[in-house]
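Numbering of the sequence shown is given in this note's numbering, commencing with residue 9 and proceeding in unit increments.
The beta-carbon is built from N, C-alpha and C at its ideal position, and this holds for glycine as well.
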Amino acid sequence: MNYVIGVDIGTQSAKALLVAADGAIIAKASQSYQVDTPRPLWAEQWPDVWLQAVYQTIAECVAKSGVDPACVRGLCVSSLYGGSGIPVDADVKPLHPCLIWMDRRATAETEWVREHVDVSRLQDITGNGVDSYYGYTKMLWLKNHKPDVWRETHYLLPPNSYVNYHLTGELAVDHSSAGNIGGVYDLRRRDWSQEVLAMLGIDAEKMPKRLVASGDIVGRLTTEAGERLGLPVGVPVVAGGVDAAMATLAAGVVEPGNHVAMIGTSMCWGFVNRETDARNGLISMPYVANGEEEIYIFGGAITAGASISWFREQFCEQDRQAAQAQGEADVHQLMEREAAKTPAGANGLVFLPYLMGERSPIWDPNASGSFVGLTLYHTRAHLYRSILEGLAFALRHNIECGRQGAARLDPELIVVGGAARSDLWMQIIADVTGYPVLTIEQDVEAPIGAALLAAQAGGLVEDAAAIRDWISLTPRARPIAANTEVYERMFQQYCALYPKLRDAMHELRAVAQEKE
């Protein structure tokens with residue numbers, strides 16, 4: 009039997025799978041780490057944290073599996089969206105932490121782009137808009153605020169490119185990661201945009217020359233890397249791509265119309281299309297499968313699972329103690345049972361999940377979270393349910409934008425990520441969006457997509473459609489008409505609240521910044 013390894017570098021952990029050629033998962037491993045947040049709305053990470061996590065999880069998978077390492081035919085690494093990219097010197101040594109996707113510090117740079125760059129031209133070339141989410145505005149922040157780092161920067165590398173370099177000694181950037189940077193990549197030409205780079209004042213030489221498809225072999229394991237991983241020298245290393253797109257592939261999305269919500273720390277909803285329009289407010293990049301033709305278009309909330317973690321840590325110590333007393337390891341089980349007793353709509357309570365600003369479709373780094381409709385009647389259970397509902401409203405908000413440009417969307421929604429463990433959340437999503445919800449039976453995401461690309465590159469499977477033989481989709485929830493009726497009214501209020509509260513949010517943010 010032949011095997012492959014798929015790895016995903018996530019925002020808070022790295023996960024690795026060792027998978028047989030028929031898709032059977034033989035071994036898995038994970039390692040957690042923390043995002044550095046030295047100031048409000050900042051989020052960064054030193055890349056060697058990711059590299060060491062990749063070394064450890066792969067080595068653990070190989071050791072636990074008991075398979076002959078000589079039978080491992082390839083590996084592939086996907087990663088979180090690396091924002092600015094890792095600034096490295098001529099020896100590929102990091103000069104500064106990577107400003108990751110959730111970092112929102114480049115507000116002034118975003119405004120500069122809007123005032124000094126032909127935004128309509130940028131949108132037309134790149135298929136993307138202007139926001140501090142995008143890597144190119146973060147690059148401008150480094151240029152403006154860290155001139156010594158900028159001067160010494162030889163390349164700006166996505167996380168998986170940095171890891172692949174250490175595994176193979178070869179430097180390359182996959183097209184999905186390049187496209188997700190935003191205003192430096194020509195989506196039609198599938199290449200760096202010299203025109204937009206010049207408009208932005210970003211040195212084109214800092215963009216690595218070699219661009220590859222996500223399923224291309226970047227290089228082969230070096231002696232040093234092989235020894236650390238317990239694998240033979242020369243194992244092919246496949247380029248990989250952005251984790252949201254890779255998780256979408258893992259859910260069986262291989263053609264236009266399929267659509268998937270990936271809900272973990274953040275929420276990404278995406279679909280595959282042949283054309284895109286930045287004016288619809290979503291993000292576009294080449295897809296990780298058939299990327300020469302297909303475009304992955306997505307949008308999402310910055311703080312999905314992060315909103316739940318925040319609520320649990322700040323307000324649910326009593327629930328945590330109760331869960332321990334009842335012999336439950338996960339406080340979420342208790343919280344969910346209590347929230348399930350409350351009605352759809354949480355008795356008129358709406359949560360805006362803008363705890364780190366927000367991405368699509370409002371694109372506002374100064375937006376802030378809110379509970380609206382709060383009364384003395386409401387309990388923690390109501391608040392918890394309203395968070396789940398608010399995140400489902402954010403999902404639908406993005407779906408409504410996607411419908412404007414999608415050739416078609418399937419009549420069912422696939423959900424992957426940690427949220428899929430929650431029966432209540434799956435029902436809420438079905439009720440809010442109107443889509444029956446399916447989840448992946450194997451409880452795996454981006455790593456299985458990465459493993460599939462490694463198998464395809466190694467000739468173990470014919471094409472990306474083989475992923476449908478590797479996974480099983482399970483029906484989880486169908487819309488309940490009475491709930492859908494309530495949520496339709498609540499969604500209209502959700503959409504109306506941000507425009508009404510925007511000025512107050514911005515003023516409060518200004519007050520907070522004065523104290524930072």
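ask   = Quick one: what does DSSP say Met434 is sitting in, helix, strand or coil?
value = helix
request  = Examine the Cβ distances between the region 384-404 and the region 316-325 and report whether three or more of them are shorter than 8 angstroms.
outcome  = yes
Best match in Thr482, Val469, Arg486 and Leu164 for proximity to Pro444 [C-alpha to C-alpha] = Arg486
ask   = Mind checking His153: buried by the 16 CB within 10 Å criterion, or exposed?
value = exposed
task = Could you say if the region 250-267 and the region 474-485 meet the contact criterion of at least three C-beta pairs nearer than 8 angstroms?
result = yes
ask   = Anyone know if the C-beta pair for Leu403 and Leu446 falls short of 8 angstroms?
value = no
key: Extent of the continuous beta strand (DSSP E) to which Tyr11 belongs   = Tyr11 to Ile17
key: Nearest candidate by alpha-carbon position, reference Asp412, set Glu283, Phe499 and Arg510   = Asp is not the amino acid found at residue 412; the sequence shown has Gln there. The shortest C-alpha separation from Gln412 is found at Glu283.
ask   = If you draw a straight line from the C-alpha of His267 to the C-alpha of Ser430, how long is it?
value = 20 angstroms
message = At the level of alpha carbons, what is the spacing between Val358 and Met498?
response = 7 angstroms
ask   = Assuming Pro455 contacts Asn406 under a Cβ cut-off of 8 angstroms, what Cβ separation, rounded to an integer in Å, is found between them?
value = The Cβ separation is near 24 angstroms, so there is no contact.
task = Leaving out five residues on either side along the sequence, give the residues of the same chain with a beta carbon under 8 angstroms from the beta carbon of Thr118.
result = Val138, Asp139, Ser140, Thr145 and Pro373
key: Residue interval of the beta strand (DSSP E) (run including Trp277)   = Met275 to Asn281
request  = Please report the residue range of the beta strand (DSSP E) in which Ala35 lies.
outcome  = Ile33 to Ser40
ask   = If you follow the beta strand (DSSP E) that Met343 is part of, which residue opens it and which one closes it?
value = Where Met343 is concerned, there is no enclosing beta strand (DSSP E), although the alpha helix (DSSP H) it sits in stretches over Val339 to Ala348.
task = Output yes or no for whether 8 angstroms exceeds the beta carbon distance between Ser222 and Gly248.
result = yes
inquiry  = With H, G and I counted as helix, E and B as strand and the rest as coil, what does DSSP make of Ile475?
reply    = helix
ask   = Can you name, in chain order, every residue of its own chain whose Cβ lies under 7 angstroms from the Cβ of Val339, other than the five neighbours on each side?
value = Arg320, Cys324, Asp327, Arg328 and Ala331
query = Which residues mark the beginning and the end of the beta strand (DSSP E) in which Ile108 is found?
reply = Segment: none, Ile108 is in no beta strand (DSSP E) and carries neither H nor E.
query = Secondary structure at Lys146, three-state DSSP: helix, strand or coil?
reply = helix
request  = For the region 63-73 and the region 106-114, state whether three or more C-beta atom pairs, one from each stretch, are separated by less than 8 angstroms.
outcome  = no
inquiry  = For Leu290 and Val15, what's the separation of their Cα atoms in angstroms?
reply    = 26 angstroms
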